[in-house]
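The block underneath contains the structure these notes are about, expressed in structure tokens.
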Amino acid sequence: MPHPILILLLPFLSGLLIPIFSSRLGEKTAKIGILAHAASFLLSVFFLYDVSSQPPIDISFFPTTLGDGPIFRFGVYIDRLAAVMMVLITGVSSIIHIFSKNYLHQDIGHTRFFTLLSFITFTLLCLVSSPNLFMLFVFWQLISWLLYLLLSYNYEHHPTRRAAFKTLLILRLGDVAFLGGILLAYSLYGTLEFSSLFSRAAENPISLSLLPGGLFTVSGITATALLIFIGAMSKSAQFPLHVWLPDTMYGPTPVSALMHAGIVNAGGFLLNRLAPLYGLSPVSLNFIFALGAFTTFLGAGIMLTQNDVKKMLGYSTIAQMGYMIMECGLGAFALAIFHFIAHGLFKASLFLSAGSVIHTTRIEPKLPKPTKISQILSEPKTEAPFSRLIWFVGFVMTLILPLLILFAAHGIFHIPLSNEAHGAVIFLFFSWVTSSQAIISLYRMNAVASWKVVCAMTAALVLIIFTYLFAGERFTIFLYPSPGEAAFYFEAAALPTLLFDLFIIFSSIIIIAVWAFLYANARGQHILMPAWVDQVKERCYVLFINRLYLDLFYQKISQRIIDFAHKIDKRYLAWLP
Amino acid sequence: MGFLLRKTPKRLIAWFLIVTTLIFLALLFGPLSFINQMSTVPALTFLITFGGCLSVLGRWLESRPPSDLFEILILMGLGFGFLWNPDFLGLIFLAGIYTLLILIQSRSGNFLSRESRWATVLYGAAILALTASPFLSGTTRQIVLLLAYATLLPLFPLHGAYTSLLGSLPGTLPAFLSLFLPALGLHGLLSLLHIVSPEIKQILLFCAVLGILIGTLRSLVQGRIPHILSQTALVFWSILWSYLSLSTLEPRALLIFLSAVALSLCGLFLAWHGLRSRYGNLTLNQFSGLGSVMPRFSVLFSLLTMAAMGLPFFGVFSGFTAMTFSVSVYFSWPLFFTLIAWFFASWRIPSLMECLLFGKANPNWIHRDFGMRELTALSLILIVLFILGVAPHALIGLEHLPNLSATMVETG
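Printed below as a string of structure tokens:
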């Protein structure tokens, strides 16, 4: 039986061998990376199968003693969560290696690129297989640094350098908060080993006073969880630490693919790994949900105003990461993993396709041949035939689900799932949002009205509900096999019933409004609105196209800090050497 | 012997390299019974010797005699005298070090320059303090010695001499002194701090926090590399002071941190020396694109940057986390400022690397990558930093260190 360390070692070795053999083999050194990562992927699949039926693999390599302080062990811990992540990381990395071999053909820095790619894969694998919070944090930081180096690939280009440095700064900000959380966790509970940390946190509820005199107390778990969450926010591009992601589009397309498929998921993975800790802090879960929801709204809104394909994909990722964080905030940790696996694979393929198209377009001297779509667009527009039945069916279908959600939340009926009612409600909620998005997208594409469209819509809805309710539920049991564990997280994250009802009703109103708008558009009509609505629309558009002016805000802050430093230095510190 | 070879710089460097290596090997394999092994002295002795070797190894070969190498060797000898003699004789050696530093600073620049004045005033005051200390007792004596040691391991507002030396001296003296002076300072302080009153420690803590803030601010505004590095050094040493001032003293963690920071600074100053020797005393903005024309230097410098900004698996990270984990207070205000400083170090040090390595190389310059000696010096530093990061007990000899709360050993 192969040793699990090989999964980590193979990418590491390829990172060492590529620069050594590059002068002799030239571009063929990419094959070293491809073979190593492919082998690592196969091993990951093997160990995923292994841990599905066996207890987790826990191997210690060496303890490291920091002076007389705590002893942290470096080792490998592969449970079902780590195994799933390893399959994703090695799979995506292998594909990216294969893609990059041709993409970076005759590029000067290809050795540096493949070396860094191998090391970052190794670091990601070590991160997901860390046996304690300290080791996780060690590799967490290394990812920030390696990503910076990868994004600076084209370092002669000034905007690339600026974007890469901005990424590093924001990720390091998250790292500092993460370190603060770890120090707090260690000082409160005396350990950073996951199982011991969770049990001690559950047994010892400690309150911290943030101000002298015992004012403004907060639970130790909440403070720790929130500090660590800031680290997750930076990696997963959550508001307001999301500003680094869209500007990374200057980097090579394979780096974007790896980032959107792998690195941004690190935050979601961290929350999953610390799920027992977050389950003890409903306040932090509610905060996470609210922040995730806002980030989803923000990412989607800004995406709609972009005209650059890679930037659109970037903001789409921000929205999806917000969605994933929302799922974590509702206790659906396994669903979040399920989501970002699917998102990672689909987004990686989108980026690689986009990169390929852009690359081909740049070198292709001829204009494209007219296609059916361009012919349709160039023809005089006629009113697309539509069927009232199609609209009626779609409208009703997307409103059935919120009714089901409200009924299930109030216990009027029971969905036969292993999880408790909370879990069912959460799965229904996300299936409703996803299916609404899918059906509305179909209408925006001006699909020809026919019974085929009705069948396609119905099939899509059924598939989405089935996937969320049953496949998602099965995946939850797979990741959290202990009875009652997943239900515990759902209950911990439960919002007050009135708030949840209001949220569903508000979301339904928005979806009805969107339907009305699309219906009127399809008929060539306009809905009469007060003048202030148009003004609000324009202002929102300006806000979103300027990305809420956050980049400008951060730029001004950093400039103010430097100006302040100059001022203080000149006025008060000039006498110092 | 060196004096005889002074007119042939290449042979002179080779001779000094042999001498420092022999000293290192003698310390490593020879009898160390004359050193008090139940202390931090062996580790600090090795550190200083290693620093001396590196400073010689990384020295750029020029046509005129490298006088800084003579000064380095003399300082090493005086440093050993201070470390190995825990009584009044040790203070005499320390006074000799201060005197030599004043002379070096005066000789290298205008005697009335700002840097020279800082060195003269502060080290002169330190000499007076050392002279007076045998005649004083109790708290007064402690304060006087603390002030003297605060010029070695720089503490605001007595850091001026240290930063001015690092920012203005020629050759590899800044690289050596960035390591040498704090090592001596820590040696003096460790024997003193556990008998100092809590009120004095609070003042030291306050000065340390001010040092963190001021060093951070000033490193952001500096335009010359040695000044950036000297202010960054102030930040690191102020962090060390903040932990020295807290009630628990953990010598192992302090030694790891000091050694790692000292070696990182030594490496950065050696790198600067190599660049200065090739391109002159330019400002940071005048450099760019060295990554494409000096690939070997770039790889080592980027690793050094990683080490200096406190990334794993290097010693600064291990030392920093060892110190923070060994302190039993959580979220105290010094920790808050320390974390802020850590973030700003992650801003300034990588920005230094970016300015040097990224961008387009100046086509009008003649670029020459680092030679074998320079690369060896930087590589050795990185290897030791890596070992300090992963297995510090292999180097520090932790099992011989005493529990300082139980032992009272006073210097002088």
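Which chain is which? The protein sequence lines are E and U, in order. For the first sequence, the working numbering assigns the number 26 to the initial residue and increments by one for each residue that follows. For the second sequence, the working numbering assigns the number 615 to the initial residue and increments by one for each residue that follows. Even glycine gets a Cβ: it sits at the ideal position worked out from N, Cα and C.
### Query
Does any residue of chain U bring its CB to less than 9 Å from the CB of residue 164 of chain E?
Position 139 of the first sequence, counted from the start, is the residue given in the question as residue 164 of chain E. So yes, residue 164 of chain E belongs to the interface.
### Exposure of residue 263 of chain E, with buried meaning 16 or more beta-carbon neighbours within 10 Å
The count along the first sequence starts at 1 and reaches residue 263 of chain E at position 238. With 16 or more Cβ atoms within 10 Å of its Cβ, residue 263 of chain E is classed as buried.
### Task
Keeping to the same chain, check which residues put their C-beta closer than 6 Å to that of residue 907 of chain U; ignore five residues upstream and five downstream.
Here residue 907 of chain U is taken as the residue at index 293 of the second sequence, counted from 1. Close CB contacts of residue 907 of chain U within its chain, under the 6 Å cut and outside five residues either way in sequence, are with 975, 981 (chain order).
### Task
Compare the C-beta of residue 908 of chain U with all C-beta atoms of chain E and state if any pair is closer than 9 Å.
For the purposes of this step, residue 908 of chain U is identified with residue 294 of the second sequence, where counting begins at 1. It does not: the Cβ of residue 908 of chain U has no partner Cβ on chain E nearer than 9 Å.
### Query
If you drop the 5 nearest sequence neighbours on each side, which residues of the same chain put their C-beta closer than 8 Å to that of residue 654 of chain U?
Counting from 1 along the second sequence, the entry for residue 654 of chain U is found at position 40. Excluding five sequence positions before and after residue 654 of chain U, the CB atoms of its chain that fall closer than 8 Å to its own CB belong to 800, 801, 804, 865, 869, 1015, given in chain order.
### Task
Please report the Cβ distance between residue 344 of chain E and residue 353 of chain E, rounded to the nearest whole angstrom; I am assuming they are in contact, meaning their Cβ atoms lie under 8 Å.
As a first step, residue 344 of chain E must be located in the first sequence, where it is residue number 319. As a first step, residue 353 of chain E must be located in the first sequence, where it is residue number 328. A Cβ-Cβ distance of about 15 Å is found for the pair residue 344 of chain E and residue 353 of chain E, leaving them out of contact under the 8 Å criterion.
### Task
Return helix, strand or coil for residue 348 of chain E, following the three-state DSSP convention.
Locating residue 348 of chain E in the first sequence gives position 323, counting from the first residue. DSSP places residue 348 of chain E in the helix class (H, G or I) of the three-state scheme.
### Query
So what does residue 83 of chain E bridge to, in DSSP terms?
On the first sequence, residue 83 of chain E is found 58 positions in, with the first residue counted as 1. For residue 83 of chain E, the pairing in a beta bridge is given by DSSP as E:102.
#### Entry: Status (buried if at least 16 other CB within 10 Å, exposed otherwise) for residue 473 of chain E
Mapped onto the first sequence, residue 473 of chain E falls at position 448. Below a pLDDT of 50, predicted positions are generally treated as unreliable, and residue 473 of chain E, at 48, falls in that range; the measurement from the model is reported next regardless. When all chains shown are included, residue 473 of chain E counts as exposed.
### Task
Name, going along the chain, the residues of the segment 820-852 of chain U whose beta-carbon falls closer than 7 Å to a beta-carbon of chain E.
Answer in chain order: 828, 831, 832, 834, 835.
### Message
On a Cα-Cα basis, can you pick out the residue from E:548, E:312, E:127, E:542 that is closest to residue 554 of chain E?
### Response
Taking the first sequence and counting its residues from 1, one reaches residue 554 of chain E at position 529. The residue from E:548, E:312, E:127, E:542 with its alpha-carbon nearest to that of residue 554 of chain E is E:542.
### Per-residue DSSP class, three states only, for residue 181 of chain E
In the first sequence, counting from the first residue as 1, residue 181 of chain E sits at position 156. Collapsing the DSSP output to three states places residue 181 of chain E in coil.
### Query
Looking at the structure shown, is residue 332 of chain E part of a helix, part of a strand, or coil, going by DSSP?
The sequence position of residue 332 of chain E within the first sequence is 307, counting from 1. If DSSP states are grouped into helix, strand and coil, residue 332 of chain E belongs with coil.
### Task
Identify the continuous alpha helix (DSSP H) that holds residue 878 of chain U and give its terminal residues.
Here residue 878 of chain U refers to the residue found at position 264 of the second sequence. Segment 865-893, the alpha helix (DSSP H) holding residue 878 of chain U.
### Query
Measuring CA to CA, which of U:858, U:680, U:676 is closest to residue 949 of chain U?
On the second sequence, residue 949 of chain U is found 335 positions in, with the first residue counted as 1. When each option's Cα is compared against that of residue 949 of chain U, the closest is U:858.
### Query
According to DSSP, what are the bridge partners of residue 243 of chain E?
Within the first sequence, residue 243 of chain E is the residue found at index 218, counting from 1. Partner residues in the beta bridge of residue 243 of chain E, as assigned by DSSP, are E:233.
### Task
Please state if the CB of residue 625 of chain U and the CB of residue 594 of chain E are separated by a distance shorter than 9 Å.
The residue labelled residue 594 of chain E in the question sits at position 569 within the first sequence. The residue labelled residue 625 of chain U in the question sits at position 11 within the second sequence. For residue 594 of chain E and residue 625 of chain U, no; Cβs fall outside 9 Å.
### Message
Closest to residue 994 of chain U by C-alpha separation, out of U:740, U:687, U:874, would be which residue?
### Response
Taking the second sequence and counting its residues from 1, one reaches residue 994 of chain U at position 380. Residue U:874 is the option with its Cα nearest to residue 994 of chain U.
### Message
Here's the rule: buried if 16 or more other CB atoms are within 10 angstroms of the residue's CB, otherwise exposed. What is residue 628 of chain U?
### Response
As a first step, residue 628 of chain U must be located in the second sequence, where it is residue number 14. That one is exposed.
### Query
When you compare each of E:223, E:245, E:227 to residue 233 of chain E by their alpha carbons, which one comes out closest?
The residue labelled residue 233 of chain E in the question sits at position 208 within the first sequence. That would be E:245, whose Cα lies nearest to the Cα of residue 233 of chain E.
### Nearest candidate by alpha-carbon position, reference residue 458 of chain E, set E:490, E:38, E:141, E:184
In the first sequence, residue 458 of chain E corresponds to position 433, counting from 1. Minimum Cα distance to residue 458 of chain E is reached at E:490.
### Message
Measuring straight from C-alpha to C-alpha, what distance separates residue 775 of chain U and residue 38 of chain E?
### Response
For this step, residue 775 of chain U is matched to residue 161 along the second sequence. For this step, residue 38 of chain E is matched to residue 13 along the first sequence. Cα-Cα distance, rounded: 47 Å.
### Query
Does the beta-carbon distance from residue 665 of chain U to residue 970 of chain U come in below 9 Å?
As a working mapping, residue 665 of chain U is identified with position 51 in the second sequence. As a working mapping, residue 970 of chain U is identified with position 356 in the second sequence. Result no, Cβ atoms of residue 665 of chain U and residue 970 of chain U do not sit closer than 9 Å.
### Query
Are residue 109 of chain E and residue 369 of chain E closer than 9 Å when you measure CB to CB?
Here residue 109 of chain E corresponds to residue number 84 of the first sequence, with the count starting at 1. Here residue 369 of chain E corresponds to residue number 344 of the first sequence, with the count starting at 1. Against a cut-off of 9 Å, the Cβ pair of residue 369 of chain E and residue 109 of chain E comes out as no contact.
### Task
Would you check if the segment 701-715 of chain U and the segment 743-753 of chain U touch, i.e. whether three or more CB-CB distances between them fall below 8 Å?
Counting Cβ pairs under 8 Å, three or more are found: they touch.
### Query
How would you list, in chain order, the residues of chain U whose beta-carbon sits under 8 Å from the beta-carbon of residue 181 of chain E?
What you label residue 181 of chain E is simply residue 156 of the first sequence in a count that begins at 1. Within chain U, the residues near residue 181 of chain E are 903, 906, 972, 973, 974.
### Query
Would residue 988 of chain U be called buried (16 or more neighbouring beta carbons within 10 Å of its own) or exposed?
Taking the first residue of the second sequence as 1, we reach residue 988 of chain U at position 374. Buried is the call here.
### Query
Distance, Cα to Cα, residue 567 of chain E vs residue 192 of chain E?
Locating residue 567 of chain E in the first sequence gives position 542, counting from the first residue. Locating residue 192 of chain E in the first sequence gives position 167, counting from the first residue. Residue 192 of chain E has its alpha-carbon roughly 25 Å from the corresponding atom of residue 567 of chain E.
### Task
Would you mind giving the Cβ-Cβ distance between residue 57 of chain E and residue 136 of chain E, rounded to the nearest angstrom? I have them listed as a contact below 8 Å.
Reading the first sequence from its first residue, position 32 is the one you call residue 57 of chain E. Reading the first sequence from its first residue, position 111 is the one you call residue 136 of chain E. In fact, because the Cβ distance is near 11 Å, the residues do not count as touching under 8 Å.
### Task
Mark residue 676 of chain U as exposed unless 16 or more other C-beta atoms lie within 10 angstroms of its C-beta, in which case mark it buried.
Locating residue 676 of chain U in the second sequence gives position 62, counting from the first residue. Classification of residue 676 of chain U: exposed, given that the 10 Å Cβ count is below 16.
#### Entry: Proximal residues of chain E, C-beta to C-beta of residue 968 of chain U below 7 Å
Reading the second sequence from its first residue, position 354 is the one you call residue 968 of chain U. At a C-beta separation below 7 Å, residue 968 of chain U has these neighbours in chain E: 186, 190.
### Query
By the criterion of Cβ-Cβ separation under 8 Å, what are the contact partners of residue 953 of chain U in chain E?
For the purposes of this step, residue 953 of chain U is identified with residue 339 of the second sequence, where counting begins at 1. Those are 201, 204, 205, listed as they occur along chain E.
### residue 135 of chain E at chain U interface by Cβ criterion, 9 Å
Here residue 135 of chain E is taken as the residue at index 110 of the first sequence, counted from 1. Closer than 9 Å: no.
### Query
Which residue's Cα is closest to the Cα of residue 221 of chain E: E:156, E:499, E:561?
As a first step, residue 221 of chain E must be located in the first sequence, where it is residue number 196. The candidate whose alpha carbon is nearest that of residue 221 of chain E is E:156.
### Task
Pull up the DSSP beta-bridge partners for residue 218 of chain E, would you.
Against the first sequence, residue 218 of chain E aligns to sequence position 193. According to DSSP, which records beta bridges pairwise, residue 218 of chain E is partnered with E:157.
#### Entry: Separation of residue 1003 of chain U from residue 631 of chain U, as counted between CA atoms
The residue labelled residue 631 of chain U in the question sits at position 17 within the second sequence. The residue labelled residue 1003 of chain U in the question sits at position 389 within the second sequence. Spanning the two alpha carbons is a distance of roughly 27 Å.
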